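Working notes for the structure below.
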Amino acid sequence: MVCEPPGPRSRDASRRLAAAEAPGINTLYRGLPALVWDEAAGVNVRDLDGNVYLDFSSGFGVAAVGHRHPRVVEAVTAQAGRLLHGLGDVAAHPSRIALAERLVALAPVDEGRVHFAVSGADAVEVALKTAVLATGRPGILVFDPSYHGVTLSALAATSRPAFREPFAAHLHAHVTRLPFATPIEKVRRALEDEAVAAILVEPVVGREGVIVPPPGWLAGLAEAGREAGTLLAVDEIFTGFGRTGATFAVDVDGVRPDLLCLGKALAGGMPLAAVVGRRAPMEAWATPGEALHTGTFLAHPPSCAAAHAVLDVVEEEGLAAAARRLGEQVSARLSAWPSDHATVREVRGRGLLWGVELKTAATAVAIAGRARRSGLLVLAGGAQGRVVQVVPPLTISEGLLDLGLDLLEAALG
Ligand SMILES: Cc1ncc(COP(=O)(O)O)c(C=O)c1O
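In terms of numbering that gives the first Met the number 0, the sequence shown opens at residue 0 and continues consecutively.
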């Protein structure tokens, strides 16, 4: 660290941003000027003032292979030299075709078919629209807490009232909400309402507080959904591609969803998301006319090229196994914190997705601030704002992982 963050350049840039950008986005971080990222590589981010941080947010879970992985940069550069932009639903390109084949082969979905999307929330829209199209039913069953994005139909599923309430009049009305990890018998009863098209669930709750369901719960959901003719849509936007110590978090329970939402780490920092769905429901998209759901940047060529590089790295470097192994190191360290530190209420997680729940939201914010001043980037949040996330890149070394945990422990106060 060369100065206390945010330093003078970040403050100045932040002031300019505040004057030009809509308020309430990132101009202020809990009342502090934003950090302004200037450069990132691997597990490190450097701000405009020259401070170098260890990134335990992985940039919202995107940098599973690390920031600006050389193979991702090389793939994007090569693609940019050939074809920067495709024609979405009107013309395809080779990288997209190969990526669709690859995702179908990788995803735990029977006879998978891919629908690309631009953001995670867009993928959730695709999954929910698929369910409505394929079943002819209007409803969805979702869990509390959960985060599925903030476009209008994803927002209807997202649990946090502060996000939903200002738009309540515009949100999908047919939403049943149950506590995450509700006993399966109660889920069955909720599904007796035959209007439910899909169960939408995060296999491990991420942003809203890192909550791991009991073993077998996801399998129970899958079975209850099958019995009721309701599709199981699993949102692996945060958990996919090794984050929880398996390629997909559902692999642990041997669950094969009807619809699997992917995003974030998929393209290593380029915007890309997708739904891999079972062939039968996906066939509901077949229309004689124009595509019912598309976008100008659908299956953007450089993003598809980046995704190939990410999948290569995840596979060749065995990053799911690395997350599992490093997760044991995190677990061994964190499990003592509730008894060693009066501020800590609970620790939870799997692989390299962990949450440290503090006793109050104010403590969580203070800890994230202290960590930041010592050179560690962590996000504080969750449904009650009390959880500090530990989400390092899957490529992190044991030594740097320990260093980050040392900095976080020192910040606990
Ligand atoms: C589980 C989950 N689903 C969906 C989303 C929304 O993704 P995006 O921000 O790319 O729209 C997120 C983002 O944090 C997420 O964690």
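Where a beta carbon is used, it is the ideal one built from N, C-alpha and C, also for glycine.
Here the structure is a predicted model, which means the values were calculated and not measured.
| Item | Value |
| --- | --- |
| Length of the line joining the Cα atoms of residue 251 and residue 108 | 14 Å |
| Short Cβ contact (7 Å threshold) for residue 103 with residue 116 | no |
| Range of the contiguous beta strand (DSSP E) that encloses residue 233 | 230-234 |
| Short Cβ contact (7 Å threshold) for residue 232 with residue 187 | no |
| Interface flag, residue 204 vs chain B, CB-CB below 7 Å | Checking the listed chains, one finds no chain B in this structure; it contains a single protein chain. |
| Boundaries (first-last residue) of the beta strand (DSSP E) holding residue 397 | Here residue 397 belongs to no beta strand (DSSP E); instead the alpha helix (DSSP H) covers 397-410. |
| Rounded Cβ spacing between residue 402 and residue 203 (contact assumed at less than 8 Å) | At roughly 25 Å, the Cβ-Cβ gap does not stay under 8 Å, so residue 402 and residue 203 are not in contact. |
| Inter-residue Cα distance where the pair is residue 92 and residue 267 | 20 Å |
| Residue 269 in three-state terms, based on DSSP | strand |
| Residue 206: CB within 6 Å of a non-hydrogen atom of ligand 1 | yes |
| Three-state secondary structure (DSSP) of residue 303 | helix |
| Residue 336: first and last residue of the uninterrupted alpha helix (DSSP H) it sits in | 336-339 |
| For residue 63 and residue 318, believed in contact at Cβ under 8 Å, the rounded distance | 7 Å |
| Reduced DSSP category for residue 15 - H, G, I as helix; E, B as strand; rest coil | helix |
| Beta-bridge pairing of residue 43 - partner residues as DSSP gives them | 40, 53 |
| Residues near residue 78 by beta carbon distance below 7 Å, same chain, minus five either side | 94, 300, 301, 304 |
| Secondary structure of residue 362, DSSP reduced to three states | helix |
| Separation of residue 69 from residue 76, as counted between CA atoms | 10 Å |
| Given residue 383 as reference, the closest of 390, 349, 393, 362 once Cα atoms are compared | 362 |
| Nearest-angstrom beta carbon gap, residue 264 and residue 212 [assumed within contact, 8 Å] | With 8 Å as the limit, residue 212 and residue 264 do not qualify as a contact, their Cβ atoms being about 21 Å apart. |
| Cβ shell of residue 290 (< 7 Å), same chain only, five flanking positions each side left out | 88 |
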